[in-house]
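Enquirer:
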Amino acid sequence: MKFIGQKIDSVFYEFLKPIEELWQPSDFLPDSANENFLSDVKLLQEAARELPYDYIAVLVGDTITEEALPTYESWLMTVEGVNQQDPQQGWTKWIRAWTAEENRHGDLLNKYLYLSGRVNMRAMEVSTQYLIADGFDIETGTDPYRNFVYTSFQELATNISHRRTATLAKQYGNTLLSKMCGVIAADEMRHAKAYKAFVERIFEVDSSEMMLAFEDMMRKKIVMPAHFLRETGVKIGETFSHYSDAAQRIGVYTTYDYIEIMDSLLKEWKIDKVSGLNEAGEKARDYLMALPTRLKRVAERTKAPNLDYNFSWISAY
Numbered sequence: 055m056k057f058i059g060q061k062i063d064s065v066f067y068e069f070l071k072p073i074e075e076l077w078q079p080s081d082f083l084p085d086s087a088n089e090n091f092l093s094d095v096k097l098l099q100e101a102a103r104e105l106p107y108d109y110i111a112v113l114v115g116d117t118i119t120e121e122a123l124p125t126y127e128s129w130l131m132t133v134e135g136v137n138q139q140d141p142q143q144g145w146t147k148w149i150r151a152w153t154a155e156e157n158r159h160g161d162l163l164n165k166y167l168y169l170s171g172r173v174n175m176r177a178m179e180v181s182t183q184y185l186i187a188d189g190f191d192i193e194t195g196t197d198p199y200r201n202f203v204y205t206s207f208q209e210l211a212t213n214i215s216h217r218r219t220a221t222l223a224k225q226y227g228n229t230l231l232s233k234m235c236g237v238i239a240a241d242e243m244r245h246a247k248a249y250k251a252f253v254e255r256i257f258e259v260d261s262s263e264m265m266l267a268f269e270d271m272m273r274k275k276i277v278m279p280a281h282f283l284r285e286t287g288v289k290i291g292e293t294f295s296h297y298s299d300a301a302q303r304i305g306v307y308t309t310y311d312y313i314e315i316m317d318s319l320l321k322e323w324k325i326d327k328v329s330g331l332n333e334a335g336e337k338a339r340d341y342l343m344a345l346p347t348r349l350k351r352v353a354e355r356t357k358a359p360n361l362d363y364n365f366s367w368i369s370a371y
């Protein structure tokens, strides 16, 4: 981590942007100081009425996921090699700057949903507080190799999710929401490139241990950061399964997307060409190379549940 961290400063603005150059939520939302504010909100609400139930459910789940950032930052700050007592350390600066960029996503979506009139904001806020209070366990421990596999995978997953909600919003005639989800997706892709680059560098200097970490995470399966999602009176994690089902039904994030991300990482990190592996590393590589085909066979036998579920987050109108 020290070795890789030496180069963090040199690539910092390749993957992150100076704060003054970044978009902010207010760039997309009606300005409350403007005399046209109420008419702008009315137009926003009229467009939001066209969004289907499952779409709103997924958008709320995405928002809550983004707003649980305190958990993600505190988790990454415990990773071996990160020293938050040293504010000038490359890894410390990276995690804080990454968190600051990500924080805009939840702010933007939250304000949009508040103005939309489609959401029971108190119910959503309760779920957000539960998710932060419950935390998560992504089974990486404090190992940076496993954490960077996770963040590489997860940033790609959120890119897909936000990109698909952008595409669907456009199909429903909601240009504003499409732009919002699109800029969030672009951020997620930049961040994915960063974490993938970190893993690629580790493969160059510690190939066997990196391969074993990758194998371990894929055997465990990558859990989504909101896997403990719940509502009032619902068991921990129970709401997440309904949110995940809704995402599958409308094609925002599916089992096949999971497999495609896995396949893309194998190609990106050139797993079939990694050299210098010990015996355990070779066995791990064999497992990883065969995994996408195995997962596709399972996916072909799996259907997305079509169960109706009434989310407490969504207002009747």
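Residues 55 to 371 (my numbering) are what the sequence shown spells out, left to right. Even for Gly, the Cβ is constructed at its ideal location relative to N, Cα and C.
Determine contact between the stretch 277–289 and the stretch 102–118, defined as no fewer than three beta-carbon pairs at a distance below 8 Å.
Expert: These segments touch.
Enquirer: Please report how far the alpha carbon of GLU109 lies from the alpha carbon of ARG176, in whole angstroms.
Expert: Note that residue 109 corresponds to Tyr in the displayed sequence, not to Glu. Answer to the nearest angstrom: the Cα atoms are 19 Å apart.
Enquirer: What's the call for ASP241, buried or exposed, on a 16-neighbour Cβ count within 10 Å?
Expert: So ASP241 counts as buried.
Enquirer: Pop quiz: ILE325 and MET343 are said to be a contact at Cβ under 8 Å. What is the actual Cβ separation, rounded to whole angstroms?
Expert: The Cβ separation is near 6 Å, so the contact holds.
Enquirer: Buried or exposed, going by whether 16 or more other CB atoms sit within 10 Å of the CB of ALA211?
Expert: Flag for ALA211 reads buried.
Enquirer: Which residues share a DSSP beta bridge with VAL328?
Expert: Its beta-bridge partners do not exist; DSSP assigns none.
Enquirer: Closest by CA to LEU163, which one among LYS274, GLU74, LEU231?
Expert: Considering only alpha carbons, the answer is LEU231.
Enquirer: Starting from the Cα of LYS350, find the closest Cα among ASN174, ASP311, LEU92 and give me that residue.
Expert: Minimum Cα distance to LYS350 is reached at ASP311.
Enquirer: State yes or no: is the C-beta of TYR107 within less than 9 Å of the C-beta of ARG218?
Expert: Result no, Cβ atoms of TYR107 and ARG218 do not sit closer than 9 Å.
Enquirer: Quick one: residues in its chain with C-beta nearer than 6 Å to the C-beta of MET55, no 5 flanking neighbours on either side, listed in chain order?
Expert: GLY135, PRO198.
Enquirer: Would you mind stating whether GLY144 and GLY59 have Cβ atoms separated by less than 9 Å?
Expert: Their beta carbons are under 9 Å apart, which means GLY144 touches GLY59 by this criterion.
Enquirer: Take ILE34 and list the residues in its own chain whose beta-carbon comes closer than 8 Å to its own, dropping the five residues that flank it on each side.
Expert: With the chain represented from 55 up to 371, any question about residue 34 goes unanswered, as that position is not in the structure.
Enquirer: For a quick check, are the C-beta atoms of ARG284 and SER181 less than 9 Å apart?
Expert: It is a contact, given that the beta carbons lie within the stated cut-off.
Enquirer: Give the DSSP bridge partners of ILE368, in chain order.
Expert: The partner list for ILE368 (beta bridge, DSSP) reads VAL173.
Enquirer: Would you decide whether VAL352 is buried or exposed? Buried here means 16 or more other CB atoms lie within 10 Å of its CB.
Expert: Result: exposed.
Enquirer: Comparing the C-beta of GLN143 with each C-beta of chain C, is any distance below 9 Å?
Expert: Annotation note: the requested chain C is absent from the structure, which comprises a single protein chain.
Enquirer: Note down, in chain order, each residue of its chain lying with its Cβ closer than 7 Å to the Cβ of LEU266, except the 5 sequence neighbours on either side.
Expert: Result list for LEU266: ALA334, GLY335, ALA338, in chain order.
Enquirer: Can you give the Cα-Cα distance for TRP152 and GLU209, rounded to whole angstroms?
Expert: Those two C-alpha atoms are separated by around 12 Å.
Enquirer: In whole angstroms, what separates the C-alpha of ASP85 from that of PHE91?
Expert: Rounded to the nearest angstrom, the two C-alpha atoms are 6 Å apart.
Enquirer: Can you find the residues in the same chain that come closer than 6 Å, C-beta to C-beta, to ALA122, ignoring five residues on each side of it along the sequence?
Expert: Only LEU185, ILE186 meet the Cβ criterion.
Enquirer: Can you give the beta carbon distance from PHE69 to LYS247, rounded, assuming they're within the 8 Å contact cut?
Expert: Confirmed, about 6 Å.
Enquirer: Report back the beta-carbon spacing between ALA101 and ASN213 to the nearest angstrom; my notes put them in contact at under 8 Å.
Expert: Incorrect: roughly 24 Å between the Cβ atoms, too far for contact.
Enquirer: Which residue marks the beginning of the alpha helix (DSSP H) containing PHE69, and which one marks its end?
Expert: Per DSSP, PHE69 belongs to the alpha helix (DSSP H) from 62–69.
Enquirer: Leaving out five residues on either side along the sequence, give the residues of the same chain with a beta carbon under 8 Å from the beta carbon of LEU76.
Expert: Once the five neighbours on either side are set aside, the close Cβ partners of LEU76 are GLU155, ARG158.
Enquirer: In angstroms, rounded to a whole number, what distance separates the CA positions of LYS274 and GLU193?
Expert: Roughly 8 Å separates the two Cα atoms.
Enquirer: Taking only three categories from DSSP, how would you classify ALA280?
Expert: Residue state, collapsed to three classes: coil.
Enquirer: Going along the chain, which residues of its own chain have a beta-carbon closer than 6 Å to the beta-carbon of GLY330, five neighbours each way excluded?
Expert: Correct list, in chain order: SER261.
Enquirer: Cα separation between LEU375 and ASP299?
Expert: Because residue 375 is not part of the residues shown, which for the chain are 55 to 371, the question remains open.
Enquirer: Would you mind reading off the limits of the alpha helix (DSSP H) that contains ALA251?
Expert: That run of the alpha helix (DSSP H) goes 229–259.
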